[in-house]
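Read through the structure below, which is laid out as structure tokens, and then see the notes.
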Amino acid sequence: MNKQEYIDTAEENLFHVYNRFPVVFDKGEGVNIYDTDGKKYLDFASGIGVMAFGYGNEEYKDALKNQIDKITHTSNLYYHVPMIEAGKKVCKASGMDKIFFTNSGAEAIEGAIKTAKRYAYNRDGYAGHEIIAMEHSFHGRTVGSLSVTGTEHYREPFLPLMEGVRFAQFNDINSVIAQLSDKTCAIIMETVQGEGGLYPADPEFIKAVRKLCDERDMLLILDEIQCGMGRTGSMYAFQQYGVKPDILTSAKALGAGVPVGAFLVTDKVASNSLVPGDHGTTYGGNPLVCAAVDKTMDIMTERKIPEHVAELTPYFESVLDKIVEKYDFVTSHRGMGFMQGLVLSEEVAPGKVVAAALEHGLVILSAGKDVVRLLPPLVIEKSDIDEMYKLLTEVLDTFVK
Ligand SMILES: *Cc1c(COP(=O)(O)O)cnc(C)c1O
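Here it is in structure tokens:
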């Protein structure tokens, strides 16, 4: 089939729930991805922050192939080696005590919500607790995760969602305090807001939220599905803030390309919340995906990926500075590590820039309503950033009036 035939067949059969770009991706190598016509693209999206090592890492591929030859699935009714190895490594890297593997980010959020509710139920002896979430947050598309997602148009058609969620302004502690009630059992937020527009938490804010949680025995849930796994220059972003969550969610780059997520808890939470029978998953953390997580953790450590991100971030940001200087319609950039956004003024829609960039051989993303988002593989070098600058400025030049 040629490209158009592929697209026509897709639209004939796939539920049109995405407005997909007219490209059919086929394979990847390093930081490049190729479509079915053999056209090469520089990837500064990494499958929305998933492909931490880019494409075709030999060690990673071998680990998966070996696991396929052994066993791809058992069930959570039994132990298996890849989960034991992967679980140990993610706990160690995050400083959390216990882990539960899921199939996706949204399911990690579901687990986090259930754990927080169960914790409060155990303590108080009754249900009906509330959760405070943030405006402009994104936690996923399932009913539970959508209930704590602070984007009205994602939620509206599906109301009523889970009860007992109140929204506060991110980085505004007084607005969080204003939403407190006797029933509040948890506060959920991204350490760095991704989809909402690349807003890192202010250090004072996150510390104040932590303190509030400690004072009232509420659980702090940090969603690091996008900002975790080395992306901000530390294994998890919270590690740069001097605070620790009670519950942490991870996914996206956790398996560097296989569908896997996790929620992690402290010992205090683990021993006072979910018990056998409360929660489960058929696939979650099966041998195949856990072999990927295990190898991902090894590569993160051996290749010092978080350190590499931290080292290259000033250069990345200096190149973004140049872009902000060069174009009147690029008003600023913000983000943390390799999770960066260029903020555009009203006259240029980020979706238009993303589409033009793709046409020009550069894969990037948008976020919020005015941000072009860059989530490159974590293994990029200076030369890749230079190449991105070249391609992106060629694209942005076409938007100059
Ligand atoms: C992507 C994302 C999710 C949802 O993950 P899925 O795997 O798509 O369900 C949740 N939280 C954040 C911060 C994300 O970026």
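For our numbering, add 2 to where a residue sits in the sequence shown, where the first one is 1. All residues carry an ideal CB built from backbone N, CA and C; glycine is no exception.
| query | result |
| --- | --- |
| Do you know offhand how far residue 131's Cα is from residue 151's? | 18 Å |
| Based on Cα-Cα distance, which residue from 76, 23, 10 lies nearest to residue 367? | 23 |
| Any heavy atom of ligand 3 within a distance shorter than 6 Å of the CB on residue 225? | Of the ligands this structure carries, namely ligand 1, none is ligand 3. |
| My output table needs one value for residue 339: the three-state DSSP class, helix, strand or coil. | coil |
| Comparing C-alpha positions only, which one of 296, 322, 380, 326 sits nearest to residue 68? | 296 |
| Is residue 106 near ligand 1 - that is, is its Cβ less than 6 Å away from at least one heavy atom of it? | yes |
| Would residue 273 and residue 121 be called neighbours here (beta carbons separated by less than 7 Å)? | no |
| Nearest CA to the CA of residue 20: which residue from 265, 76, 191, 9? | 9 |
| Looking at chain C, is there any beta carbon in it that lies within less than 7 Å of the beta carbon of residue 152? | In summary, chain C is missing from the structure at hand, where a single protein chain is found. |
| Taking the straight line between their C-alpha atoms, what separation do you get for residue 356 and residue 379? | 17 Å |
| When you compare only the Cα positions, how much space is there between residue 304 and residue 353? | 37 Å |
| Could you give the distance in angstroms between the alpha-carbon of residue 314 and the alpha-carbon of residue 124? | 46 Å |
| Give a yes or no on whether the C-beta atoms belonging to residue 203 and residue 193 are separated by under 7 Å. | yes |
| Looking at residue 242: is its Cβ nearer than 7 Å to the Cβ of residue 51? | no |
| Let me know if residue 178 comes out buried or exposed under the rule of 16 or more other beta-carbons within 10 Å of its beta-carbon. | buried |
| To the nearest angstrom, report how far apart residue 234 and residue 142 are at their CA atoms. | 21 Å |
| Give me, in chain order, the residues of the same chain whose beta-carbon lies closer than 6 Å to that of residue 53; leave out the 5 immediate sequence neighbours on both sides. | 259, 379 |
| Can you determine whether any heavy atom of ligand 1 sits closer than 6 Å to the C-beta of residue 253, and answer yes or no? | yes |
| Using DSSP with H/G/I as helix, E/B as strand and the rest coil, what is residue 64? | helix |
| Assuming residue 210 and residue 175 form a contact by the criterion Cβ under 8 Å, report the distance between their Cβ atoms to the nearest whole angstrom. | 4 Å |
| So, at 6 Å on beta carbons, what are the nonlocal neighbours of residue 93 in its own chain, with the 5 sequence-adjacent residues on each side left out? | 101 |
| With distance defined between alpha-carbon atoms, name the residue in 300, 239, 359 nearest to residue 90. | 300 |
| On the criterion of 16 or more Cβ atoms from any shown chain inside 10 Å, does residue 254 qualify as buried, or is it exposed? | buried |
| Spatial neighbours of residue 84 within its chain, please: CB distance less than 7 Å, with the 5 preceding and 5 following residues excluded, ordered by chain position. | 69, 289, 292, 293, 296 |
| With DSSP collapsed to three states, give me the class of residue 290. | helix |
| Taking 6 Å as the cut-off, is the CB of residue 141 close to at least one heavy atom of ligand 1? | yes |
| Whose C-alpha, out of 43, 171, 340, is nearest the C-alpha of residue 232? | 340 |
| Can you say whether residue 277 is buried or exposed, counting buried as having 16 or more other CB atoms within 10 angstroms of its CB? | exposed |
| Taking its Cβ as the centre, do 16 or more other Cβ atoms sit within 10 Å of residue 238, making it buried, or is it exposed? | buried |
| Where does residue 6 fall in DSSP's three states? | helix |
| Would you identify the three-state DSSP class for residue 195, choosing helix, strand or coil? | strand |
| Would you tell me roughly how many angstroms separate the C-alpha atoms of residue 164 and residue 360, rounded to the nearest one? | 38 Å |
| Alpha carbon to alpha carbon, what distance is there between residue 108 and residue 127? | 28 Å |
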